[in-house]
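Undergrad: In the numbering used here, the protein residues as written are 125 to 1046.
Built from N, CA and C at the ideal position, the CB exists for glycine as well.
Quick one: the structure is below, questions incoming.
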RNA sequence: GCCGGGGUGGCGGAAUUGGUAGACGCAGUGGAUUCAAAAUCCACCGCUAGUGAUAGUGUGGGGGUUCGAGUCCCCCCCUCGGCACCA
């Protein structure tokens, strides 16, 4: 490396973050310091791709971004010094609703608003000193990017992975738009307040359910770098359930005399073993049989209609009381031939399975509640064998019942004839699939769950009335949005040819960027220049699709576009290229847990779809996933006359404390009292957010970074503390002062000579290298809060050596401290590294070698061992570090503490833990 | 209800995975410096008793394993998150 004269001015005696950070950032940009190149020979350990979830450009960065990106930044800076070819890109999730809302409010085009926000946030990323390779920056509203959304969508359409169907949606008649479930509040549009209608609208779907089994299997077995928490969330969402789908035959006819659903009412059950306990069937209010019952009996129709009441979301359904109405219609039990009455129930969902269930009140909680309410018969068909273990002995003394004990009075056994069905016992064991056996079930009697299900399924198959079936909670992904600010769906509607895909050569279908939505629906609908086109098939005038894609499409694959931002194969532009094979799969993905389901699942699905299209060779995109914890802050408010709360930013509040030292409220500058609302997620609604820009302006980026890393583990939630930020600043100032006070001796000092060190200096050096060892361990496991505390410990140890006492220790100490602190606080450390002359001899800090502890420094002449007597710590003994087990035992036995606490008894046993402790048992 | 995290001083958190609990920091107390304040530096800082040396006690609660448990096992409580009339 060629020597260049120091670019920093002579060393300042006080720490001035503003100039330090500006100097460093200017230098990094000028030298293209973070540009990543595939197969870079400077980095022998191979590639490491670490990426943060791309942000929505809402205006400016918030503290969550700072935390997310600093974790990412520390990781890549550390790994680069380890010899890895690291990649940390950044981009913008630039399509979406907030831009349309901002447009309505500010009368500015979403495009203009979005690009302005990106400019601001990009400069904030640089102000934070993030090691981003901006040459790979992407913006999802850029036609060069979304062209490939369209291209791949057409490929999926071709292969059938994407398809068109008619969907029922929430329609806001005032805003002329479709609303997501979470945008419907009490049946009204969140913005317009209009009553939301159900509309059937054609749209495009992606067949993610085709991949459900593979997604689930990989979730459970192929993602060891994901947390249990995350895996469980995905597993629940996919929601696999295995059971039997079968039909109850009937001869109910519709108004035209045609048999409804060919005379078969299908149901799905995971408990086919309880089929002999069916005492009714229940259908959803929208089920054809319910509809027919309403037609046949006009008195019934309004009652059935009423059962539809309430919201459509699952959460709303959950709080509804179970209600129903008998139809007077009957179906035939497929195995017994008995007639079973059809009820319409509000707890049966038309959208799940076949919209009908078999009612087995003895062995299903919901059926039980329903049967009790309407006095329907309850027939027990599963019992625990005598002596079987009772799952929960609520009536007992709390001790588990012994397995196999025939005297166990808590075990429900076969009920004697005529005895009333026991509801408490049922509560305890109705769901116990593992141990129950069939009773009162004819030929199935005595069979255990799995065998019984098999036997029932076989009989149903023989009658051609059923089959085993696996269902998933996961639904196909509807990607059509009746929105302006998104990727245009590249299809054309022709009166003669129907729906015609846009030919590949005509991509991208460019979204006009000048529209300003006014709340009256998608402006594309009135954009004749956009809509009018020629049919690619027949050439006649045709209309362009005005729906756009869900923005989750944009984020489903952007991380691969970073890898090959201008991808081309054989000179032709392509979605990805061989550079994607180099960087992917991603080694570490970092983002909020709020994307645990949708984004991560769609990205995994999209990867598999690309794989099946031959575009890549791996199955899973993200090897490791870190979900950084939320940032929390105290909440303060003043109650208003209306009973609402006026939230007060915590910065305006002078806290007051109760006698235990906990915050219990506060006062404002005018002396008025505010109430304490506890701790909550930083956000606009409670006005308890902290603006990173304020922090950077006041303390600098290094302090902001150090603080967010020190406050807790990367995945833990963290509560904001102003005074702790001051502490972070204080530490950096001490680092600066330490270096400034010793700059002369450090610049000229030589290597440490162990033989010339006195005991104190040896102890300092031991502390330095021992702490380095801990720091390296914590870097490896990405526990960055203790990495920061290790740096603090190093400084504490080094400061005990006053200036001039040992230049060689000061030099070694500074060189280690600056390198271990660099990933957290890159600006100050780069400046000091240069000022102290390290850059001259070892090159820029960015590429310096990561420090390793010196084994010689860790050798001690004497060891302090903890002395325990009967397992209680009673003192310590000092032995030569060369002492063997026998010598240590002898030293321990001779200790006065053993005599004192052992009360003179002779040691029975002495346990020696090398280097740690010795325990004398008397 | 099921599943997955978690519970350690006044506070944030550590404990290299069974070996001195409370590292590091914040807050607090006392002192130095200062005309004064800020900043900085030094000392103390789990709880109880004691002037003190010290003793006892202590990681949500109760049992257990072990020479030794914040850490492992069993039961319970609390809390955060996910799923949920999913048949």
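(1) Residue 576 to residue 566, Cα distance in whole Å?
(2) Whose C-beta lies closer than 6 Å to the C-beta of residue 324 among residues of the same chain, with five residues either side of it excluded?
(3) So the candidates are 357, 504, 798; which of them puts its Cα closest to the Cα of residue 397?
(4) Here's a check: name, in chain order, each residue in its chain whose Cβ is nearer than 6 Å to the Cβ of residue 137, leaving out the five neighbours to either side.
(5) Please classify residue 524 as buried or exposed, where buried requires at least 16 other C-beta atoms within 10 Å of its C-beta.
(6) For residue 873, which residues in the same chain have their Cβ closer than 6 Å to its Cβ, ignoring the five residues on either side in sequence?
(7) Helix, strand or coil, according to DSSP, for residue 563 in the structure here?
(8) Check the DSSP bridge columns for residue 402 and list the partner residues they point to.
(9) Taking 8 Å as the cut-off, decide whether the C-beta atoms of residue 835 and residue 825 are in contact.
(10) Please classify residue 480 as buried or exposed, where buried requires at least 16 neighbouring CB atoms within 10 angstroms.
(11) Inspect the beta-carbon positions of residue 632 and residue 639 and report whether they are closer than 8 Å.
(12) For residue 404 and residue 467, I'd like the C-alpha separation in whole angstroms.
(13) Taking DSSP as the reference, what is the three-state secondary structure of residue 601?
(14) Can you find at least 3 beta carbon pairs, one from the region 595-606 and one from the region 657-666, that sit closer than 8 Å?
(15) Straight-line CA distance for residue 564 to residue 367?
(16) With DSSP run on the structure shown, which of helix, strand or coil describes residue 552?
(17) Would you call residue 976 buried or exposed, if buried means 16 or more other Cβ atoms sit within 10 Å of its Cβ?
(18) Relative to the alpha-carbon of residue 734, which residue among 766, 146, 747, 701 has its alpha-carbon at the smallest distance?
(19) Within the continuous alpha helix (DSSP H) that includes residue 666, where are the two ends?
(20) Quick one, which of 158, 450, 178 has its alpha-carbon nearest residue 713's?
(21) Could you please give me the residues that DSSP links to residue 411 through a beta bridge?
(22) Less than 8 Å between C-beta atoms, sequence neighbours within five positions excluded: which residues of the same chain meet that for residue 417?
(23) Answer with buried or exposed for residue 777, where buried requires no fewer than 16 other C-beta atoms within 10 angstroms of its C-beta.
(24) For residue 803, which residues of its own chain have a beta-carbon under 8 Å away from its beta-carbon, when the five flanking residues on both sides are left out?
(25) With distances taken Cα to Cα, identify the nearest neighbour of residue 749 among 737, 761, 725, 962.
(26) Contact between the region 684-699 and the region 263-276 is defined here as three or more beta-carbon pairs at a separation below 8 Å; is this criterion met?
(27) Please work out which residues of its chain come closer than 8 Å, Cβ to Cβ, to residue 355, disregarding the five sequence neighbours upstream and downstream, and give them in chain order.
(28) Which first and last residues belong to the beta strand (DSSP E) in which residue 462 is found?
(29) Using the three-state DSSP reduction, which class does residue 1048 fall into: helix, strand or coil?
(30) Short of 8 Å in beta carbon distance, which residues of its chain neighbour residue 545, apart from the five on each side in sequence? Order them along the chain.
(31) Within a Cβ cutoff of 7 Å, which residues of the same chain sit near residue 779, ignoring the five residues on either side of it in sequence?
(32) Would you check if the distance between the CB atom of residue 654 and the CB atom of residue 627 is smaller than 8 Å?
(33) Can the beta-carbon of residue 841 be found less than 8 Å from the beta-carbon of residue 737?
(34) Please classify residue 986: is it buried, with 16 or more other beta-carbons within 10 angstroms of its beta-carbon, or exposed?
(35) According to DSSP, which residues form a beta bridge with residue 770?
(36) I'd like to know if the region 850-870 and the region 893-902 are in contact, where contact means that at least 3 CB-CB pairs between them fall below 8 Å.
TA: To lay it out plainly:
(1) Between the alpha carbons of residue 576 and residue 566 lies a distance of about 12 Å.
(2) Spatial neighbours of residue 324 in its own chain (CB-CB distance under 6 Å, excluding positions within 5 residues in sequence) are listed in chain order as 290, 292.
(3) Cα-wise, what sits closest to residue 397 is 504.
(4) Apart from sequence neighbours up to five positions away, the residues of its chain that approach residue 137 with a beta-carbon distance below 6 Å are 864, ordered along the chain.
(5) Bear in mind that a pLDDT of 29 at residue 524, under 50, signals an unreliable position, so the number given afterwards is only what the model happens to contain. Exposed is the call here.
(6) Within the same chain, residue 873 has close Cβ partners 931, 932, 935.
(7) Residue state, collapsed to three classes: coil.
(8) Beta-bridge pairing links residue 402 to no other residue.
(9) No; because the gap between Cβ atoms is not below 8 Å, this pair is not in contact.
(10) Residue environment for residue 480: buried (at least 16 other C-beta atoms within 10 angstroms of its C-beta).
(11) Contact flag unset, no.
(12) Straight-line Cα distance between these residues: approximately 7 Å.
(13) DSSP places residue 601 in the strand class (E or B) of the three-state scheme.
(14) The region 595-606 makes no contact with the region 657-666; the number of CB pairs closer than 8 Å stays below 3.
(15) Looking at the two C-alpha atoms, the distance is approximately 21 Å.
(16) Low confidence applies here, because residue 552 scores a pLDDT of 42, under 50, leaving its location unreliable and the question unanswered by this model.
(17) Looking at its Cβ environment, which holds fewer than 16 other Cβ atoms inside 10 Å, residue 976 is exposed.
(18) Comparing Cα positions, the closest option is 701.
(19) Residue 666 -> not in any alpha helix (DSSP H); beta strand (DSSP E) instead, spanning 665-668.
(20) For the residues 158, 450, 178, the minimum Cα distance to residue 713 belongs to 178.
(21) None; residue 411 has no bridge partner.
(22) The beta carbon of residue 417 is closer than 8 Å to those of 424, 428, 451, 452, 453, 466, 468 in its chain, skipping five residues each way along the sequence.
(23) Classification of residue 777: buried, given that the 10 Å Cβ count is 16 or more.
(24) Beyond the five residues adjoining it in sequence on each side, residue 803 comes within less than 8 Å, by CB distance, of 756, 757, 758, 759, 843 in the same chain, given in chain order.
(25) Cα-wise, what sits closest to residue 749 is 725.
(26) Yes, the region 684-699 is in contact with the region 263-276.
(27) The residues are 343, 344, 347.
(28) Where residue 462 is concerned, there is no enclosing beta strand (DSSP E), given that its DSSP letter is neither H nor E.
(29) Beyond the ends of the chain as shown, which are 125 and 1046, falls residue 1048; an answer cannot be given.
(30) The pLDDT assigned to residue 545 is 44, lower than 50, so where the model puts this residue is not dependable; a value taken from the coordinates is nonetheless given after this. These residues qualify, in order along the chain: 486, 502, 504, 539.
(31) Answer for residue 779: 787, 790, listed in chain order.
(32) No, the Cβ-Cβ distance between residue 654 and residue 627 is not below 8 Å.
(33) Against a cut-off of 8 Å, the Cβ pair of residue 737 and residue 841 comes out as no contact.
(34) Residue 986 comes out exposed.
(35) DSSP, once it has assigned bridges, lists 762 as partnering residue 770.
(36) Segments in contact, no.
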